Amino acid sequence: MEPKELWRSVLTALYPEIRHDQFVTWFADTAIISNENGLVIVGVPNQYAQNWIEKNHKGAVLEQIQKLEPSIVAVRFVFESTLSNIDDTRRVSVNSVIPQQKKARKLPNKQEVRVNDDTTSIMLNNKYSLHNFIVGKHNRLVHAACSAVATNPGSQWNPLFIYGGVGLGKTHLLQGTGREMLKNFPNKTLVYFTAERFLNEVVDAIKKYNAHDFKARYRSVDCLIVDDIQLLAEKDRTQEEFFHLFNELYNANKQIIISSDRPPKDLHGIEARLQSRFEMGMVAEAHFPDYETRLAIIQNKCSQEGVIIAPEVLDFIAQNVHNSIRELEGVLKQAIAEMRLANSTPTVKSIAAMIYRQAPGIPELTGVTKLQAEAKSSVRSADDIIKLVSDYYRMPSEQLKGSIRRREVMMPRQVCMYLIYEILGCSYDTIGEYFSGRNHTTVLHSCNKVKTRLNKDSKLLQDIHALKKEIGL
Ligand code: ADP
Ligand code: MG
181 MEPKELWRSV LTALYPEIRH DQFVTWFADT AIISNENGLV IVGVPNQYAQ
231 NWIEKNHKGA VLEQIQKLEP SIVAVRFVFE STLSNIDDTR RVSVNSVIPQ
281 QKKARKLPNK QEVRVNDDTT SIMLNNKYSL HNFIVGKHNR LVHAACSAVA
331 TNPGSQWNPL FIYGGVGLGK THLLQGTGRE MLKNFPNKTL VYFTAERFLN
381 EVVDAIKKYN AHDFKARYRS VDCLIVDDIQ LLAEKDRTQE EFFHLFNELY
431 NANKQIIISS DRPPKDLHGI EARLQSRFEM GMVAEAHFPD YETRLAIIQN
481 KCSQEGVIIA PEVLDFIAQN VHNSIRELEG VLKQAIAEMR LANSTPTVKS
531 IAAMIYRQAP GIPELTGVTK LQAEAKSSVR SADDIIKLVS DYYRMPSEQL
581 KGSIRRREVM MPRQVCMYLI YEILGCSYDT IGEYFSGRNH TTVLHSCNKV
631 KTRLNKDSKL LQDIHALKKE IGL
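Heads up: take any position in the sequence shown, counting from 1, add 180, and you land on our numbering.
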């Protein structure tokens, strides 16, 4: 059997035996690397997947392989960092072996958890789960670590420390991990704190009763999650309380999950003893996703919201947001709002106009210039511009579009092409079609001619200004 076919059959047979999320986490991007002398070697993309599969699924994998190829006697899993480069003739996408109805999973409702007594109930936002977190190359490791913790809390990945810039999904991962853990272990107790709330609780505790009771309050939890730990910088008393609680939980093999905007060693104002504890378990970075993942995130969001937005608009948004996923979602949210309010469909131009409006100082977006974005919405097509130019120079549209090569016709024609290019961003080919099927080099030449002449011909400059003014530019 071909390696790919063999591996696909094995995965298909294994899928029903393994929990969906674990399957997706651990078997993504795996492939048979070699099959020789009765030994099958399977490449996996990271150390965690290797450990996990070795420990939990090795027997089942071998059994399935043997059903198909009885001559195989052993299977080994190796961490292959170059696996993503492996040719596609071997790699099997996990999605291709998952039955259709499993792919769209409904999220259960909000979860509320009580810890000990009256005071502490935490709410994990039901928006966030490990399943609706889109996994790409850039965040596979951090997501795998979270899944590992959710299925195996308090073991080797303790504490789990996630760091990365604003809006890159840290809170989402922390909450998703908490939720997943509670789903796996309904009897476990868990507390989620923003660092700010942690701080307030400590201050309160100090005010109301002996601060050392603070630790007593939370030491019975099975999992402690603290988001944005950098906010505890310089808060010595709170750090002290946190340190004691940390030790107590850690020594009792309770899971601790922390997020921060920077790695432990850069946490200035946080005690060294805490920094070094943060490094004892697993430290993983949340990265900004690549274009494909950004696109997947907004596609996913659209389907969650039940809206359909044109692919070129989604593509435009994915291309032009460079800082955080929150920003990406913000733009999309506005687009959706616009769509619902005006009962219209967002276009690349309307989105661009929105982004330029909100961030006047940003550099030109890929695909739509400021000028194009700002053009009055009454100008939508090349015909609108041809009409405008025709009125301005008092020259019939047919003549503009036609083939007369007299200077008094050619100049307005070139102006017309130039404006269509600048304002609508049409390709030279498309513009050529409006002008009796001229080819794109002719159009390019015309546009360039106008551009260079603008520097020395004040009449032309005036004309262009006047024309633009008419469309509100
Ligand atoms: P951080 O805590 O790092 O500042 P958040 O967790 O608040 O970032 O993420 C910002 C927004 O982006 C959230 O709405 C979150 O759901 C979304 N998000 C981030 N990464 C992903 C991802 N990989 N898949 C889906 N949504 C994501
Ligand atoms: Mg956050």
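Glycine residues also receive a C-beta, built at the ideal position from the N, C-alpha and C atoms. Source: prediction; values computed, not measured.
Give a yes or no on whether 8 Å exceeds the smallest Cβ distance from P491 to chain D.
Absent here is chain D; the protein component of the structure consists of one chain.
With a threshold of 8 Å, are at least 3 pairs of Cβ atoms found where one atom belongs to the segment 482-502 and the other to the segment 325-333?
Because the criterion of three Cβ pairs below 8 Å is not met, the segment 482-502 and the segment 325-333 do not touch.
Which word fits D384, buried or exposed, when buried means at least 16 other C-beta atoms lie within 10 angstroms of its C-beta?
Label assigned to D384: exposed.
Is the segment 448-455 touching the segment 405-416 in the sense that three or more CB pairs, one from each, lie closer than 8 Å?
Per the Cβ contact rule, the segment 405-416 is in contact with the segment 448-455 (3 or more Cβ pairs under 8 Å).
Using only alpha-carbon positions, find the residue among E602, S607, S626, K631 that is nearest to K648.
Just measuring C-alpha positions, the residue of E602, S607, S626, K631 sitting nearest K648 is E602.
Below 8 Å between beta carbons: does that hold for L354 and I437?
Cβ atoms of L354 and I437: closer than 8 Å.
DSSP state of A211, grouped into three classes?
Annotated three-state conformation of A211 is strand, per DSSP.
Which same chain residues, not among the five before or five after A498, have their C-beta less than 7 Å away from its C-beta?
Once the five neighbours on either side are set aside, the close Cβ partners of A498 are Y471, R474, L475, I478.
On the three-pair Cβ rule with 8 Å, is the segment 331-344 touching the segment 427-442?
When C-beta atoms of the segment 331-344 are compared with those of the segment 427-442, three or more pairs fall below 8 Å, so the two segments count as touching.
Rounded to whole angstroms, what's the CA-CA distance from K629 to P469? Just pull it up for me.
So the two alpha carbons sit approximately 41 Å from each other.
Going residue by residue through the segment 504-534, where are the continuous alpha helix (DSSP H) segments of at least 4 residues, counting only ones entirely within it?
The segment 504-534 contains these whole alpha helix (DSSP H) runs: 505-522.
Mind checking whether T331 and Q202 have CB atoms under 8 Å apart?
The Cβ atoms of T331 and Q202 lie closer than 8 Å to each other.
Any heavy atom of the ligand ADP closer than 7 Å to the CB of H311?
Using a cutoff of 7 Å, the CB of H311 does not count as near the ligand ADP, since none of the ligand's heavy atoms is closer than that.
If you follow the alpha helix (DSSP H) that D637 is part of, which residue opens it and which one closes it?
Where D637 is concerned, there is no enclosing alpha helix (DSSP H), given that its DSSP letter is neither H nor E.
In three-state DSSP terms, what is M575?
In this structure, M575 counts as coil in the three-state DSSP scheme.
Tell me C403's beta-bridge partners as DSSP assigns them.
Under the DSSP definition of a beta bridge, C403 partners with L370, Q435.
If I405 and V371 are in contact, beta carbons under 8 Å, what's the gap, nearest whole angstrom?
Correct: roughly 7 Å between the Cβ atoms.
Check whether the segment 249-259 and the segment 222-237 are in contact - that is, three or more C-beta pairs closer than 8 Å.
Yes, the segment 249-259 is in contact with the segment 222-237.
Residues in the same chain with beta-carbon distance under 7 Å from S251, minus the five sequence neighbours each way, listed in chain order, please.
The residues G218, in chain order, have a CB closer than 7 Å to that of S251 in the same chain once the five nearest residues on each side in sequence are set aside.
Select from T549, H311, I409 the residue whose C-alpha is nearest the C-alpha of N480.
Cα-wise, what sits closest to N480 is H311.
Can you list, in chain order, the residues of its chain with a C-beta nearer than 6 Å to that of L641? Leave out the 5 residues immediately preceding and following it.
So the list reads L634, once near-sequence residues are dropped.
Which residues have their C-beta within less than 5 Å of a heavy atom of the ligand ADP, listed in chain order?
In chain order, the residues positioned with their C-beta nearer than 5 Å to some heavy atom of the ligand ADP are F313, I314, V346, G347, L348, G349, K350, T351, H352, I477, I505, R506.
Can you give the beta carbon distance from R399 to E360, rounded, assuming they're within the 8 Å contact cut?
The C-beta separation of R399 from E360 comes to about 23 Å, leaving the pair out of contact by the 8 Å criterion.
Tell me whether R453 is buried or exposed, calling it buried when 16 or more other Cβ atoms sit within 10 Å of its Cβ.
Result: exposed.
Could you pull the DSSP bridge partners for A254 from this structure?
Answer is L219.
Could you check the C-alpha separation between S189 and S616 for me, to the nearest Å?
When rounded, the distance between both Cα atoms is 57 Å.
Segment limits, beta strand (DSSP E) that includes A463:
Rather than Ala, the amino acid found at residue 463 in this sequence is Val. Taken as a continuous stretch (DSSP letters only), the beta strand (DSSP E) holding V463 covers 462-465.
Report all residues from its chain with a CB closer than 8 Å to the CB of A533; omit the five preceding and five following residues, and keep chain order.
Residues of the same chain with a CB within less than 8 Å of the CB of A533, apart from the 5 flanking positions on each side, are A553, E554 in chain order.
Identify every residue that forms a DSSP beta bridge with Y343.
Answer is S440, E465.
Could you tell me if N215 is buried or exposed, where buried requires 16 or more neighbouring beta carbons within 10 angstroms of its beta carbon?
Buried.
Inter-residue Cα distance where the pair is H620 and I611
Using only the alpha carbons, I get a separation of about 8 Å.
Measure the Cβ-Cβ separation of V274 and L191 and say whether it is below 8 Å.
Going by C-beta atoms, V274 is nearer than 8 Å to L191.
Can you give the beta carbon distance from P333 to C403, rounded, assuming they're within the 8 Å contact cut?
Contact flag correct, Cβ pair sits at about 6 Å.
Just to confirm my understanding: we take L512, look at its own chain, exclude 5 residues before and 5 after, and list those with CB closer than 7 Å. What are they?
Within its own chain, the residues whose Cβ lies closer than 7 Å to the Cβ of L512, once the five positions on either side in sequence are excluded, are I478, K481, I497, listed in chain order.
Could you please give me the residues that DSSP links to F259 through a beta bridge?
According to the DSSP secondary-structure assignment, F259 is paired through a beta bridge with V224.
Supposed close pair P592, L604 - CB separation, criterion 8 Å
Not confirmed; about 17 Å, so no contact.
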